[in-house]
Every structure is written in structure tokens, then in C-alpha cells.
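Chemist: Count along the sequence shown from 1, then add 130; that gives the number in our numbering.
The beta-carbon is built from N, C-alpha and C at its ideal position, and this holds for glycine as well.
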Amino acid sequence: MDRLREGGYKMVVSDMVTHTLARQKGFDAFLITSGVESLHDAFTQAIQISDRFRQLRRQNQLLEGVARSRSGNTIILDAAGQLAYAAREQPGEALLSLLRSRIPDIPSAAPLRFFHSDKGEFIRVTARSLRAGWDPYYIFHCQLAQIPLRSSKNGLRFFDEAEAAQQFMHSFYSISGAMGALEEPVNAIAPTRQPVMILGEVGTGKEQIARALYLRSPRVNSPLVVVNCTLMTDKNWEYLFNHYASPLNEGSCTVYFQNLEQLSRPYQQELLAVATETNLPRRVRLIFSAACMDGQPLPEPVQALRSQLGCLTLQLPTLRSRRDELPSLASLYLSSLNAELGKQIIGFDPRATEQLLHYEWPNNYTQFKQVLQELVTLTNSAYIRGSVVAEVLAQERRSCHTDLPSLPAQGAAPGGTLDEIILSAIHRTLDAVGGNQTAAARQLGISRTTLWRYLNPKPAKKRRRTEPGCPLFCLYHPSIKSIDFPHSIHFTKAWSLCYTVNHDSEVSK
Numbered sequence: 131m132d133r134l135r136e137g138g139y140k141m142v143v144s145d146m147v148t149h150t151l152a153r154q155k156g157f158d159a160f161l162i163t164s165g166v167e168s169l170h171d172a173f174t175q176a177i178q179i180s181d182r183f184r185q186l187r188r189q190n191q192l193l194e195g196v197a198r199s200r201s202g203n204t205i206i207l208d209a210a211g212q213l214a215y216a217a218r219e220q221p222g223e224a225l226l227s228l229l230r231s232r233i234p235d236i237p238s239a240a241p242l243r244f245f246h247s248d249k250g251e252f253i254r255v256t257a258r259s260l261r262a263g264w265d266p267y268y269i270f271h272c273q274l275a276q277i278p279l280r281s282s283k284n285g286l287r288f289f290d291e292a293e294a295a296q297q298f299m300h301s302f303y304s305i306s307g308a309m310g311a312l313e314e315p316v317n318a319i320a321p322t323r324q325p326v327m328i329l330g331e332v333g334t335g336k337e338q339i340a341r342a343l344y345l346r347s348p349r350v351n352s353p354l355v356v357v358n359c360t361l362m363t364d365k366n367w368e369y370l371f372n373h374y375a376s377p378l379n380e381g382s383c384t385v386y387f388q389n390l391e392q393l394s395r396p397y398q399q400e401l402l403a404v405a406t407e408t409n410l411p412r413r414v415r416l417i418f419s420a421a422c423m424d425g426q427p428l429p430e431p432v433q434a435l436r437s438q439l440g441c442l443t444l445q446l447p448t449l450r451s452r453r454d455e456l457p458s459l460a461s462l463y464l465s466s467l468n469a470e471l472g473k474q475i476i477g478f479d480p481r482a483t484e485q486l487l488h489y490e491w492p493n494n495y496t497q498f499k500q501v502l503q504e505l506v507t508l509t510n511s512a513y514i515r516g517s518v519v520a521e522v523l524a525q526e527r528r529s530c531h532t533d534l535p536s537l538p539a540q541g542a543a544p545g546g547t548l549d550e551i552i553l554s555a556i557h558r559t560l561d562a563v564g565g566n567q568t569a570a571a572r573q574l575g576i577s578r579t580t581l582w583r584y585l586n587p588k589p590a591k592k593r594r595r596t597e598p599g600c601p602l603f604c605l606y607h608p609s610i611k612s613i614d615f616p617h618s619i620h621f622t623k624a625w626s627l628c629y630t631v632n633h634d635s636e637v638s639k
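Structure, rendered in C-alpha cells:
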């Protein structure tokens with residue numbers, strides 16, 4: 131017993147005599163009442179159990195080495211959602227919460243694939259369910275993207291549902307309720323699998339409409355991939371079409387090709403070929419957008435892709451086509467800016483509203499939002515004043531390039547009716563003088579009252595033409611002193627007048 135103590139042994143298994151002695155010496159003693167054969171069997175069984183556990187430890191080390199050799203991190207959760215295993219670093223609580231929330235979505239016989247953005251990194255997740263005896267476990271393999279996809283300089287951006295929803299929530303469309311008539315077609319198109327082509331001028335919010343389509347679609351649990359054709363590089367184009375981890379190889383992504391008209395001709399042809407030959411629209415949801423002036427034809431390659439893929443089309447209205455809604459849109463966005471900038475601005479004074487209405491807004495909602503932000507920042511009174519609006523819009527005119535139609539050159543035949551030509555001239559004169567109606571009237575050579583009547587026309591009343599009277603329009607000119615009907619009518623005021631001349635030479639105003 132003394133030698134056993136010196137050897138560091140702490141437990142003794144023995145018969146009654148040795149058991150008593152071992153207890154006296156301070157050992158943990160276990161009494162065996164069986165014979166020698168039973169004792170030999172017990173030791174043999176203990177050795178077998180030890181060998182089995184040694185083998186299990188080796189298998190565990192081998193499997194752990196395999197898990198760690200894979201790129202990414204393998205995470206296993208138990209039925210309660212608690213962490214059972216992590217091959218690499220301990221996952222953060224945000225990632226664990228996401229994985230727990232996806233457990234109900236994991237099918238029993240197939241993997242679930244989804245994407246997650248975390249601190250500027252894009253993570254591709256493959257999830258499977260597994261049973262160990264009666265207990266279910268859930269395995270998540272999280273793999274970091276191969277290239278820095280989060281950088282917009284590369285032309286590729288990835289958004290999950292939460293990020294896309296946050297971007298749309300803070301957009302002008304969401305804050306001001308500017309969706310308007312687009313609400314119904316967006317809701318109708320979103321659940322479909324057909325490709326969509328979004329058309330509109332610069333600044334009409336094509337990316338926000340693409341986000342709305344994504345958020346209202348059945349594919350919202352998979353990522354939204356934004357491909358900015360203006361910034362597309364050869365490296366990312368190669369990744370997009372030839373890499374095994376490309377979102378085009380996933381069966382649930384929404385891929386939005388932005389600024390399609392800016393894509394080089396070879397890339398446009400390759401995109402169309404891949405989409406048609408590989409049946410791409412059946413695997414992923416495709417959304418395209420192209421900038422085009424209102425009423426102008428689409429570029430030929432864009433039109434070809436639109437027709438050959440059978441795209442559903444959304445034409446976004448310009449801001450100037452919604453002038454009657456402009457005051458309400460401005461008021462709704464003003465409330466948001468008040469909260470954001472700590473202001474208490476009530477609204478716009480009449481002259482400020484007039485100037486906003488008469489500006490052409492070549493960059494549409496994007497420009498309107500930026501102008502409103504600047505106006506609120508510069509205003510410290512209860513109302514945004516016309517003088518501030520005039521100053522900001524004057525700066526916009528100097529800095530903003532516009533492709534909007536201009537007045538015809540001298541000698542050219544103007545288009546439209548006479549009223550349309552006059553109204554167009556009035557609006558452009560107002561823009562040139564910052565919305566000042568007095569200055570515009572002076573420049574046009576008419577009174578403010580006449581200007582106001584042109585800007586606020588009343589519905590025309592039907593005139594019942596009776597004989598023998600007929601209408602005669604006379605425009606005053608300083609050189610005209612009288613007109614014989616055969617009797618003379620002498621003008622005393624320099625205004626345009628309308629008279630009815632009867633056959634008996636009576637004149638009525």
C-alpha cells in the first residue's frame with residue numbers, strides 16, 4: 131500500500147481484507163465480492179471501454195480537423211438553439227440570433243442557402259439538419275465572400291432584407307409617399323418570376339423601386355444583389371458569370387442590373403446570351419433599369435434585352451409631371467427633415483411654393499430631396515421664404531446640366547398649340563427670374579393679372595354663338611388710334627380686348 135501511495139495511485143479495487151487496509155491508508159477503496167474470474171472480466175471490460183473512448187477521441191480530432199480545414203466557420207446548434215460546436219472562432223450573438231431565426235426554414239432533406247451581411251462583410255450560409263439519436267441538431271457552414279463585394283467601387287453590392295428595408299424606409303419614396311400610382315403595378319409585379327425593366331429619367335428613384343419589388347417578393351429571404359453597370363470591372367464580371375459562388379448560380383437571389391445603358395456592348399451581348407441560353411430568369415429574379423429621357427426611345431441593346439427576355443416594364447413618372455402633388459410631397463418630407471435636423475418649420479410661404487412649382491426639376495426626386503434638405507438647413511424661421519428658394523434654385527440652374535427640351539430657336543417653328551407655347555414661355559421666364567412674377571410680367575410685357583390668368587386658367591365656358599353677332603379679337607398697339615366698323619371705337623387702355631360686333635354696328639364688350 132505504501133508503494134502504491136508513492137506511485138501516485140489514489141483508487142484501489144480489492145477484496146474485503148485489502149479494502150479495509152486501503153481505507154486505513156486513505157485510498158478511495160472499492161470492494162469486489164466476486165471471484166478472480168469476475169475481477170479479470172471487469173478489468174478487460176474497462177480496457178475495452180478505454181480503447182473505445184481513445185478511438186472516439188481520434189475520430190473527433192479528425193472530424194474537427196476536416197471542419198477547420200474548410201474555408202469559413204461551421205457552427206452547430208442544438209434543438210434549443212444553443213451553441214453545441216464552432217469549428218473556428220466563437221460566433222457573435224448577432225450571428226447566432228440570425229441562425230436561430232432560420233432554423234424553422236431548414237428543410238429536412240435538402241440544404242437551405244442564404245446570405246448575411248455583417249460589418250461590411252458578405253457571408254454565404256449553407257444550413258442542414260441532422261439527428262444524433264433522438265436529438266436534432268442544425269449545422270450552419272458560414273463562408274466569407276471571395277472578393278470585397280461590399281465596396282461600391284467594384285460595381286457589386288449585396289443587401290439582405292433588413293438592409294434593403296432600411297434603405298427603402300429612408301428613401302424619398304417611403305417618407306413622402308411618392309409611390310403614388312406605382313403602388314398597384316409594383317404590388318402586382320413583385321410576386322411574379324418574370325424579369326422587370328424599370329425605365330425613367332435620372333433621379334426618378336429606379337433603385338428604390340427595385341428595392342420595393344425585392345421586399346414584396348417571395349425571394350425576400352435571399353439577398354438582393356445590385357450590379358452597377360457603370361462601375362463594372364472585368365474581374366467582377368468574370369466573378370459574376372464564371373465563379374462557382376456567384377449569386378447567378380443561386381436559385382433564390384434577386385439580381386438588379388442598374389444603369390444597363392452604361393454597360394459596354396460586349397457585356398450587354400454576353401448578358402443576353404447567358405440569360406437566354408442558361409434559362410437564367412428561372413433560377414434568379416432579374417431586375418434591370420435604364421435611364422432615358424421621357425418620351426425618348428430606348429437604346430437598341432436595352433430594347434433587345436427587354437423584348438427577348440419578355441421583361442415586364444415599369445415607367446417611372448418625372449417630378450415635373452406631378453406638379454399638382456409637389457406641395458404635398460414637400461410637406462411630407464419636411465416633417466421628416468424637421469425631426470432629423472431638429473427644426474420646427476411649418477411650411478413654405480406662397481412665393482416659395484410658386485418657385486418650386488415652376489422649376490423643371492431635371493434630376494427629379496433626387497434633386498428635389500437635396501433642394502429640400504438645403505432649404506431646411508438654411509431656414510431658421512417658421513416658414514421657408516421665397517428669397518431662400520430663389521437663391522437655392524438659382525444655384526441649381528448654374529450647376530445642373532439638363533437635357534430637357536428648350537424653346538425653339540428664332541425662326542424655327544414651335545411645336546404645340548398657341549396656349550402651350552405661351553405657357554411654356556411664361557414658365558421659362560419665371561425660371562429665369564427665380565419665380566418672381568412681377569419681374570416675369572415686366573419681361574414679357576404683360577401685367578401680373580394677365581400672367582396670373584395664364585398660370586391659373588379657368589375652365590372655358592361654352593359660348594352659344596348667335597347671329598348676327600360674331601367675335602372679334604383686337605390687340606392694342608400704340609400706332610392704332612381707331613378702327614372703323616364703319617363707326618370708330620377709340621381705345622383708352624393698353625390691354626387686349628374682346629368685342630362682339632353686330633351688323634347694326636353696335637359694339638358690346
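(1) Is the beta carbon of Leu435 closer than 9 angstroms to that of Ala327?
(2) Could you give the distance in angstroms between the alpha-carbon of Thr509 and the alpha-carbon of Gln573?
(3) When burial is assigned at 16 or more other CB atoms within 10 Å of the CB, is Arg412 buried or exposed?
(4) Classify Gln212: buried if its beta carbon has 16 or more other beta carbons within 10 angstroms, exposed otherwise.
(5) Which residue's Cα is closest to the Cα of Val255: Pro241, Trp264 and Arg261?
(6) In chain order, which beta strand (DSSP E) runs of at least 3 residues are fully inside the segment 272-345?
(7) Start and end of the alpha helix (DSSP H) containing Phe498?
(8) My output table needs one value for Pro266: the three-state DSSP class, helix, strand or coil.
(9) Measure the alpha-carbon distance for Thr163 versus Gln178 and round it to whole angstroms.
(10) Pick from Leu581, Pro348, Gly285 and Leu456: whose alpha carbon is nearest that of Thr363?
(11) For the putative contact between Cys359 and Asn317, defined by C-beta atoms under 8 angstroms, what is the C-beta separation to the nearest angstrom?
(12) Please state whether DSSP places Ile476 in a helix, a strand or coil.
(13) Let me know the secondary structure DSSP gives Ala172 once reduced to three states.
(14) Specify, as a first and last residue, the run of the alpha helix (DSSP H) that Asp158 falls within.
(15) Do Tyr495 and Leu449 have their C-beta atoms closer together than 9 angstroms?
(16) Kindly indicate which three-state DSSP category Ile177 falls into: helix, strand or coil?
(17) Around the Cβ of Tyr369, are there at least 16 other Cβ atoms within 10 angstroms (buried) or fewer (exposed)?
(18) So Val404 and Thr384 are in contact, right, with Cβ under 8 angstroms, and what is the actual spacing, rounded?
(19) Taking Ala216 as the reference, give the member of Glu455, Leu393, Leu193 and Ser144 with the closest Cα.
(20) Pull up the distance between the alpha-carbon of Thr559 and that of Gly333, whole angstroms please.
(21) Name the DSSP bridge partner or partners of Ser144?
(22) Going by CA-CA distance only, name the one from Leu464, Asn493 and Ala197 that's closest to Leu446.
(23) In three-state terms, what does DSSP make of Ala239?
(24) Can you find the residues in the same chain that come closer than 7 angstroms, C-beta to C-beta, to Pro431, ignoring five residues on each side of it along the sequence?
(25) When we look at the beta-carbon of His246 and count the other beta-carbons within 10 Å, is it buried (16 or more) or exposed?
(26) Ordered along the chain, which non-local residues of its own chain (more than five positions away) have a Cβ less than 7 angstroms from that of Thr568?
(27) Check whether the segment 458-471 touches the segment 293-305, taking contact to mean three or more Cβ pairs, one atom from each stretch, closer than 8 angstroms.
(28) If you draw a straight line from the C-alpha of Arg280 to the C-alpha of Asn566, how long is it?
(29) Hey, could you find the ends of the beta strand (DSSP E) Tyr386 is sitting in?
(30) Could you please give the first and the last residue of the uninterrupted beta strand (DSSP E) stretch that includes Arg415?
(31) Can you give the Cα-Cα distance for Arg653 and Ala262, rounded to whole angstroms?
(32) In terms of alpha-carbon separation, which member of Arg258, Arg200 and Ile576 lies closest to Gln273?
(33) Can you tell which of Thr507, Leu225 and Glu526 has its C-alpha closest to the C-alpha of Gln485?
Modeler: Inspection of the coordinates gives the following:
(1) The identity of residue 327 in the sequence shown is Met, whereas the question assumes Ala. A contact, by the Cβ cut-off of 9 angstroms.
(2) 30 angstroms
(3) Under a 10 Å Cβ-count criterion, Arg412 is classified as exposed, with fewer than 16 other Cβ atoms of the shown protein chains found around its own Cβ.
(4) exposed
(5) Pro241
(6) 286-289 and 326-330
(7) Asn494 to Leu508
(8) strand
(9) 22 angstroms
(10) Gly285
(11) Incorrect: roughly 27 angstroms between the Cβ atoms, too far for contact.
(12) coil
(13) The three-state reading of DSSP puts Ala172 in helix, counting H, G and I together.
(14) Taken as a continuous stretch (DSSP letters only), Asp158 belongs to no alpha helix (DSSP H), being part of the beta strand (DSSP E) at Asp158 to Leu161.
(15) In this structure, Leu449 lies closer than 9 angstroms to Tyr495 by Cβ.
(16) helix
(17) buried
(18) At roughly 17 angstroms, the Cβ-Cβ gap does not stay under 8 angstroms, so Val404 and Thr384 are not in contact.
(19) Leu193
(20) 24 angstroms
(21) Leu161
(22) Asn493
(23) coil
(24) In the same chain as Pro431, and ignoring 5 residues on each side of it, the C-beta atoms closer than 7 angstroms to its own belong to Arg395 and Gln398, in chain order.
(25) buried
(26) Here the set comprises Arg578.
(27) yes
(28) Note that Arg280 scores 46 on pLDDT, short of 50, meaning its location in the model is unreliable; the coordinates nonetheless yield the value given after this. Answer to the nearest angstrom: the Cα atoms are 47 angstroms apart.
(29) Thr384 to Gln388
(30) Arg415 to Ala421
(31) Because the chain spans 131 through 639 in this model, residue 653 falls outside it and cannot be assessed.
(32) Arg200
(33) Nearest in C-alpha terms to Gln485, of all of Thr507, Leu225 and Glu526, is Glu526.
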